[in-house]
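Report on the structure given below.
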Amino acid sequence: MQNDNAMTNAGAEQEDKRTTAKVSGEFVTIVAIFGLTIAMILASRAISPSFGSWSQVETILYLSSFLVFCAFGQGLVILVRGLDLSIASVITLGGVLTASLMNGSNEGLIYLVPMILGACVIVGVVSGIGVAYLRVPPFIMTMAVGLIVYSLCLGFTRGTPRGYPAPLLSDFMQGKFLGVPAPVYLLLVFVVFGTVLQSYSAFGRKLNAVGNNPLAAYIAGLPSGLLIVSAYAVSALCAGFTGMMLAGYASGATLRMGDSYLLPSIAAVVVGGSSILGGQGNFVGTVGGALLLTTLATILTALGIEQGWKTIMEGGVILLALIALREQSFAFLRDVFGKRG
Amino acid sequence: MKLTKIAKALALTALIGAGTQVVSTEEASAKTKDGKWLIYLSLSYSGNSWQSEAANIVKALAATPPFNETVELVEVISGTDPQAQISDYESMIANGADGIVSFPISSTALNRVVKRGCQEGVLFFMYDATVTEQCAYNISYITSGFGENSAQALVNALDGKGKIFLSRGVPGNSVDDRHTNGAMHIFNQYPDIEVVAEYYSYWDDRTTQQETAKALAAHPDVDGIWAQAGEFGAIQALLQANPDRLVPMTGENSNGFRLALANPDYQAKGIDGVSAGSPPAQSGFAFKIMMEILNGTRDALPEDQRNIEYPLPWVPGDAVVLCEGDKFEDGCNAFPDGKVPSSFVTEVFNPELLPELSLTSALEGQPTPGAEIQPLPADAVKAAPNEPGINCRQCEAPADLYHLTKIEPTVQP
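Line by line, the protein sequences give chains A and B. Each residue of the first sequence is one higher than the one before, counting from 670 in the numbering used here. Each residue of the second sequence is one higher than the one before, counting from 209 in the numbering used here.
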């Protein structure tokens, strides 16, 4: 912070202006992405009369919650200039451990839940150490760790994951409270918690600093290595948590249960306005990205069009959203209108 | 795909090991040094219950006396890329394989290497999926009409009208195409049957659940679901959307689905249907035929007659019988809740063709204690009809390709 002040003083007014523009740009991105999602939901009424209804919103919130959980961790890793490709495997690990250790009983849940999540955190710590201290590129490190974890799951289950999650967990994931699926409440709590952690806590600000300029953060006395490791640990924790929730949702685990979350978790972060190069990001935007992707998938499934067209449209919309929601695009528009005015 | 690399590394080690063993093999009988048949089990990928069970069956049989003395089995996992399986086949042929039992990844891409292997005297036995190269044996239920029969069962349950979902398999896969074409042949005859959503569930429970949930958001009033493997996920999605309403549906052979069909609570909520589809037991059947040919107790078939049909399992809700023990005995066809996971594919057993197997065989790949390999019944092998692109290249499909074998229409179009 000392440095910042010094720079602001030196750069005088111009620095101030840039900061204001940056904050408002982020805000506009978030408003735009949520606006786009709501517009899509409303417009989907044209496809089916049941669309645009509260129950559709419920379904979208429900299904997107899994993506939100794991995208939060992915967002932190991307924030510190990394990438977590082990997410799919760690989701599977969380799910497989949940099903096999709980084995259909509520007994010992107090120990089992921390144990399962702890196992996942260890995976994250290993990735983090590789990236931060052994200087292995994040892409390679997390891919290798993911491979190893997946193979361990395969060996452990011999291809057929057995057991069931605790009835308490299944009941929670499949239950409703005041007419709304219980996981939707969990999602809301998670979003508040995640936003505070990433944008308003000392931990989050330090991660931001490391992502912005690792060298500067190091000189400023931040334990950047430790912070990077912790980002990977949180990511693995979130992925394990996602796996646990998914196992509760499906009343069991499969070895491929994490596969469909890896790329969307990265897409949600980037569509939500974070920079893939790190140093800039906001969890609310990521949540918006996850909602947008899930809404899109829901509508495309209901359209009943050919699979090829479906994936083309999915890719197209992600690309469009990314281009349209970039700050530069807003800045460009501002410039154009500014010149005219 | 992740698994593939490690599996390949392991397989390579195994191949090198096997290679050193067959160097000094005599030409007449291409056996390994210690007098065993060298058999490769070539899989697509591991990681779902079906693939693992099919592989475990072969492993269990190979460890059952007398095969434990006469067979050396090497497992190789090729992933989902046909190119990888081609090079794996090449290595197996080079290593002097006597036979290859395989789940082929593509029905056409493997033809050339299979042909080459046949010329070197390797026996190819494909299970479940097929190849169009005529020198390979195809042991498959695919021609037995899962699509059309299950579609007719759904039409009957719906009285010929209603909105339905199609929960399909893997896009572009010939098995998925065959099933769906058969089903649409029936559905198209009934103008009051309306397919309101069609989605790919990748033969996976969880994907089916999420995709069905998405489709239900648009069509909560759906009247029926025609599903391929993964069907248990569709039931969970229905219950999630409305705990009091189920609809008639057809699907494959998961234990969860069979239990649901027989569950009186679920029946009261509206479930009604048939469990049919792909049996992992095909792999064991293929392996046993191959061993009988190798051992000389069965004659090899002429090249254009090597398509063998595995009978279609067909279990309506009222025919579900729970097994007391670890086998299909006394006509039972499902296991009690908690004994196996709901995604467990029940059709690993076949009391006539594969009496050697029990639950441990399917789940762990271990032989059943005390079991011995029994010869196949004399009438076990039935020819499969030609289906161009599936089990032959330049051939004509019979005119009555989609004729019903398991069920009669109760409603006329």
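Note that the Cβ used here is the ideal one computed from N, Cα and C, for glycine as well.
Q. Would Ala421(B) pass as a contact of Ala445(B) if the rule is Cβ separation under 8 Å?
A. yes
Q: Report yes if the C-beta distance between Thr911(A) and Ile760(A) is below 8 Å; otherwise report no.
A: yes
(Q) Does Ile974(A) pass the burial test, meaning 16 or more other C-beta atoms within 10 Å, or should it be called exposed? (A) exposed
Q | DSSP state of Met914(A) mapped onto helix, strand, coil | A | helix
Q: Compare the C-beta of Ala690(A) with all C-beta atoms of chain B and state if any pair is closer than 8 Å.
A: The pLDDT assigned to Ala690(A) is 48, lower than 50, so where the model puts this residue is not dependable, and the model offers no usable value.
Q | Within chain B, partners of Arg827(A) - CB distance below 8 Å | A | Ser260, Asn264, Leu571, Glu572, Gly573
Q.
Please identify, using Cβ separations under 9 Å, the residues of the segment 404-418 of chain B that lie next to chain A, in order along the chain.
A. Val404, Ala405, Glu406, Tyr407, Tyr408, Tyr410, Asp412, Asp413, Arg414, Thr415, Gln417, Gln418
**Q.** For Met810(A), the three-state DSSP class (helix, strand or coil)
**A.** helix
**Q.** Cα-Cα separation between Gly578(B) and Val553(B), rounded to whole angstroms
**A.** 24 Å
Q) What is the rounded straight-line gap between the Cα of Gly793(A) and the Cα of Gly539(B)? A) 49 Å
Q. According to DSSP, what are the bridge partners of Arg376(B)?
A. Tyr408(B)
Q | For Ile479(B), the nearest candidate out of Leu509(B), Phe440(B), Phe493(B), Pro510(B) (CA to CA) | A | Phe440(B)
Q. Between Leu896(A) and Phe808(A), what straight-line distance do the alpha-carbon atoms span, to the nearest angstrom?
A. 18 Å
Q: Just tell me which of Gln436(B), Asn503(B), Glu402(B), Asn389(B) has its CA closest to the CA of Asp306(B).
A: Asn503(B)
Q: Determine the DSSP secondary structure at Gly208(B), reduced to helix, strand or coil.
A: No information on residue 208(B) is available, as it lies outside the stretch 209 to 621 that chain B covers here.
**Q.** Rounded separation between Phe758(A) and Leu816(A) - CA only
**A.** Reading the sequence as shown, one finds Ser at residue 758(A) and not Phe. Ser758(A) and Leu816(A): Cα-Cα distance of roughly 7 Å.
Q | beta strand (DSSP E) segments (min. 3 residues) lying fully within the segment 255-321 of chain B | A | 279-285, 307-310
Q: Could you tell me which chain B residues have their CB closer than 9 Å to the CB of Ser934(A), listed as they occur along the chain?
A: What Ser934(A) touches in chain B: nothing, since even the nearest Cβ is about 15 Å away.
Q. Assuming Glu532(B) and Ala591(B) make a contact with CB atoms under 8 Å, what is their CB distance in whole Å?
A. In fact, because the Cβ distance is near 36 Å, the residues do not count as touching under 8 Å.
**Q.** Host beta strand (DSSP E) of Val193(B) (start-end)
**A.** Chain B is shown from 209 up to 621; residue 193(B) falls before or after that span and cannot be answered.
**Q.** Nearest residue (CA-CA) to Gly751(A), options Gly917(A), Asn881(A), Gly958(A), Ser820(A)
**A.** Asn881(A)
Q: Please list the partners that Thr923(A) has in chain B, where partner means a Cβ-to-Cβ separation under 7 Å.
A: Asn256, Asp412, Asp413, Arg414, Ser551
Q: Take Tyr410(B) as the anchor and find which of Glu261(B), Thr340(B), Asn256(B), Ala426(B) has the nearest alpha-carbon.
A: Asn256(B)
Q.
Counting only Cβ-Cβ distances shorter than 7 Å, please list the residues of the segment 377-399 of chain B near chain A, keeping chain order.
A. Pro379
Q | Proximity of Ile347(B) and Phe493(B) at Cβ, strictly below 8 Å | A | yes
(Q) Let's see if you can read the secondary structure: which residues bound the alpha helix (DSSP H) around Met392(B)? (A) 382-395
Q: Starting from Val332(B), follow the beta strand (DSSP E) in both directions and report where the run begins and ends.
A: A quick correction: the sequence has Phe, not Val, at residue 332(B). Here the beta strand (DSSP E) through Phe332(B) covers 331-335.
Q. Is Ala292(B) closer than 8 Å to Ser315(B) when the C-beta atoms are compared?
A. no
Q) In angstroms, rounded to a whole number, what distance separates the CA positions of Met300(B) and Ser462(B)? A) 33 Å
Q: At 7 Å on the CB atoms, spell out the chain A contacts of Gly304(B), in chain order.
A: Those do not exist, as Gly304(B) stays about 28 Å from chain A at its closest Cβ, beyond 7 Å.
Q | Nearest-angstrom beta carbon gap, Ala886(A) and Val879(A) [assumed within contact, 8 Å] | A | 5 Å
Q | Range covered by the alpha helix (DSSP H) that runs through Asn357(B) | A | 354-366
Q. List, in order along the chain, the chain B residues whose C-beta lies closer than 7 Å to that of Met926(A)?
A. Arg414
Q: Below 9 Å between beta carbons is the criterion; list the residues of the segment 424-435 of chain B that meet it against any residue of chain A, in chain order.
A: Leu424, Ala425, Ala426, His427, Pro428, Asp429
Q. According to the Cβ coordinates, are Ile798(A) and Val903(A) closer than 8 Å?
A. no
Q. Taking buried to mean at least 16 other C-beta atoms within 10 Å of its own C-beta, is Glu460(B) buried or exposed?
A. buried
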